[in-house]
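In our numbering, the protein residues as written are 516 to 1157.
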Amino acid sequence: MSTAKHDSPMLPDEGSEKPKPAANAVDPNVSAKRFFNKLAGIVNAGQSRSIILAGEVHDLFFSPTADSTGSYVPLVDYICDRCRMDGLTILVYEQNGPVRLQSMMGANKGWDMLRQGWVSWKAGVDHDTLVLQALTDKNRASERQHWEQDFERNLREVVGRPTFALEFLRQLTLCSRSTDASGKSFIRDNLLIVIEAADLALPAGNGDIANLGSPDRHRIGIAQDWFSDPGFTNGDDTVLLLSESVGLVHPRVSKLPSVLSVDVGAPDYDNRKHYIDWFMRQPKAATGSGHSVELWGSIDDLARFSAGLSIHALRQMLIASAHSGRPLRQQDVIAKVESFIQTQLGEDVVAFKKPEHSLDDVIGFTRLKNFVRDELLPRFRSTGADALPGAAVAGPIGGGKTFIFEAVAAALDLPVLELKNIRSQWFGQTDVIFEKLRRVLQALDKVVIFVDEADTQFGGVGADAHATERRLTGKVQQMMSDPALRGHVIWLLMTARIHRLSPDIRRPGRVGDLIIPVLDPEDEDRSAFIRWVLSSVLNETPNDEQIKRIDDLTQGYSAAAFASLRSNLKARAVSKPLAFDDISTVIHDQLPPDIASTRRYQTLQAMINCTRRSLLPDPDVTDEQREAWSREVRELEARGIS
């Protein structure tokens, strides 16, 4: 049937006219959420009538008023405020509450309009005709009363009954787009239906609908029929589903072609600055205490250092400071950011690294340290076209990769987020974790992502890889080459098995721009390690002969082996001073583990995959030498080493 409504109201976007800020007032427009423009564009263009709002749906959003003072309100209230206009009736459903209505005509008149439309639709005639018929026909009067009572009963029974509520709301959209014999719509206004906690009403579960309970399956069936109905998709009513993540809504709904999603991102610098300024302007009583908030620096400083916090978390921190009367310190803000992000993503997913050592503490690796200082750090610090997305660090186990590049991360003086495990055993949870991670990275101004054992964190994308692993690796690859994140997110991937990283991750434009080998020390670097070991137990500077003797005894030693030897010698020196011959005896007594072939294989792979000649032991390496490395790799693989 045709929808003979008046012209559909257009949702306002940020180009719409807004109240002018009062003199000296903070302009509220700086905190307008970008997501609303995208939402308004989708609705106004008719791209979709079923939209998932996912992300920071539990945060606070600034809603300006006519006098430009405004307040911070939950997302539902923000949407209702922004969409308040003639010709649009907003219905909000909470799982444990009634359906709430907002209309320019007022709640009572709005409910009257819906009630009359419902009764007329059920009776099959327009409201005026039905009223006249009821005056002369008792049966018609009884029928009218029955449908009025049916409408009221439905409104009562939606409380605590999500399945019933979804079906009732679906029926309302059927009524809204239906017309009487004259072509007039039974419901004059278009409907905007907001469903909170859509992830609870339409849970993803483990992805298999057969494993869900009967009520869950029923609701998913209702939503699937509703959102794929051509009458609804071509109509003028809109349903907004609010969820922390798209992945938490069942794929039978979230992956419908007719359903689109809009990301509600974390507050950016302007949003945070506006909230801080707004909070500081509030009367002291409004903060819950008689104190004002004292900052260690400016509002700009707090807005910058609070990157990653939601407005809710920022509010908690400011109120705590106001209540205690203690100034807010920079370290307090950093601690709050770290705690909040870990809470959002899970302590088993991420951790904040705080390297305490510097490049000056790294023994040996002279050429590598010079490269880091002269080229790597400047490009990591850059936010321009010369910025590097990151680097992969390869080399045999025990080579010192993690220690060296923790020092690199410390030199950058940026938040260092260590990815511990972004895979989940539960269906869909890996995608949910990744959604949250991306929002965190977009909120932080600049961050280092540190991934140890990267070959186990990120798998492949081939046909033999699990579907979840392929999606995860694919999304990581997209993030590494995302122009919006270039210069803001630095990826440092540590792996002893560089060949097991996806070729798509190793390509140029991602960490393949720079694959750095960290190999066992040679020549002067070996001598530096030997001096470092001996200096911990000898009271005098070792001479060249002593260094040569220890060099002969420590052939094949890695950085980790030298560190272990130093620790062992220091432990023995506690009980009695060690003579040089004692040191030689201790070294001679140590037997290396049987991992030489494995370490050789990993060394060869690191050299083969290295992207800079200047970082190889011999910068003048020839193609013939590289081919010889490849032959040796194949020989080791034939022996079962990989």
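Backbone N, C-alpha and C fix where the C-beta goes; we use that ideal spot for every residue, glycine too. On a predicted model such as this, the values are computed, not experimentally measured, just so you know.
Exposed or buried, residue i, counting other C-beta atoms within 10 Å across all chains shown (16 or more means buried)?
| i | result |
| --- | --- |
| N786 | buried |
| R888 | exposed |
| L1119 | buried |
| P543 | Here P543 scores only 44 on pLDDT, less than 50, and its place in the model should not be relied on; the value that follows carries that caveat. It is buried - the Cβ of P543 has at least 16 other Cβ atoms within 10 Å. |
| T753 | buried |
| Q845 | exposed |
| D970 | buried |
| N654 | exposed |
| E1139 | exposed |
| N705 | buried |
| Q466 | Nothing in the structure corresponds to residue 466, since the chain is present only between 516 and 1157. |
| S563 | buried |
| I1110 | exposed |
| E1060 | exposed |
| A560 | exposed |
| S758 | buried |
| S836 | buried |
| R1114 | buried |
| T1069 | buried |
| H1103 | exposed |
| T988 | buried |
Could you tell me the distance, in whole angstroms, from the CA atom of residue i to the CA atom of residue j?
| i | j | result |
| --- | --- | --- |
| D815 | D792 | 10 Å |
| A1143 | I1020 | 25 Å |
| G625 | L932 | 50 Å |
| F820 | M795 | 17 Å |
| A1076 | G913 | 7 Å |
| R1015 | V768 | 36 Å |
| R841 | F867 | 26 Å |
| L927 | L1049 | 32 Å |
| D641 | S700 | 9 Å |
| A781 | Q1105 | 54 Å |
| A1011 | K916 | 9 Å |
| S635 | Q664 | 13 Å |
| S1112 | L1084 | 27 Å |
| A1086 | E1039 | 27 Å |
| L1034 | S1090 | 35 Å |
| N749 | P524 | 15 Å |
| G910 | M1009 | 9 Å |
Which two residues bound the contiguous beta strand (DSSP E) that contains residue i?
| i | result |
| --- | --- |
| P462 | Past the edges of the chain, shown from 516 to 1157, lies residue 462, and the structure says nothing about it. |
| S578 | L575 to S578 |
| L824 | Looking at the DSSP string, L824 is not in any beta strand (DSSP E), and its letter there is neither H nor E. |
| T604 | L603 to Y608 |
| E933 | V931 to L934 |
| G570 | S565 to G570 |
| R1128 | Segment: none, R1128 is in no beta strand (DSSP E) and carries neither H nor E. |
| A909 | G905 to A909 |
| S776 | V774 to V779 |
| F867 | V865 to K868 |
How would you write the range of the alpha helix (DSSP H) that residue i sits in, first residue to last?
| i | result |
| --- | --- |
| E1039 | E1039 to S1050 |
| D665 | K653 to E672 |
| P893 | L892 to R896 |
| G899 | Run containing G899: none; DSSP gives neither H nor E here. |
| L756 | Not the alpha helix (DSSP H): L756 falls in the beta strand (DSSP E), residues T753 to S758. |
| F918 | K916 to L927 |
| S729 | S729 to S743 |
| E1147 | D1138 to A1153 |
| V634 | A622 to A638 |
| W1006 | Taken as a continuous stretch (DSSP letters only), W1006 belongs to no alpha helix (DSSP H), being part of the beta strand (DSSP E) at V1004 to T1010. |
| I1031 | Counting along the chain, I1031 falls outside any alpha helix (DSSP H), though it belongs to the beta strand (DSSP E) covering I1030 to P1032. |
| D596 | L590 to R597 |
Please identify the residue among the options whose C-alpha is closest to the C-alpha of residue i.
| i | options | result |
| --- | --- | --- |
| D740 | V777, L689 and W633 | L689 |
| P745 | S565, Q1070 and S1082 | S565 |
| A828 | P527, L575, R1114 and D652 | L575 |
| V572 | A560, F551 and Q686 | F551 |
| I724 | A560, Q992 and P766 | P766 |
| L1220 | G780, A738, H789 and D751 | An answer regarding residue 1220 cannot be provided, because it is not within the stretch 516 to 1157 covered by the chain. |
| F973 | R1127, Q992, S776 and V963 | Q992 |
| L670 | G823, A638 and W633 | W633 |
| V777 | Y784, S760 and Y790 | S760 |
| Q957 | C598, H789, G823 and L1130 | G823 |
| P527 | Y587, A924, M620 and D601 | D601 |
| V865 | V877, P798 and I964 | I964 |
| L848 | E862, P1092, S825 and G861 | One detail in the question is off: residue 848 reads as Val in this sequence, not Leu. Residue S825 is the option with its Cα nearest to V848. |
| P1108 | S1129, S1079, G570 and Y790 | S1079 |
Taking 7 Å as the line, does the beta carbon of residue i fall inside it for any heavy atom of the ligand GTP?
| i | result |
| --- | --- |
| A907 | In the structure shown, the ligand GTP is absent, as is every other ligand, since no ligand is present at all. |
Next on the checklist: What ranges does the beta strand (DSSP E) occupy inside the region 691–721, keeping only unbroken runs of at least 3 residues that lie completely in it?
Outcome noted: 705–710
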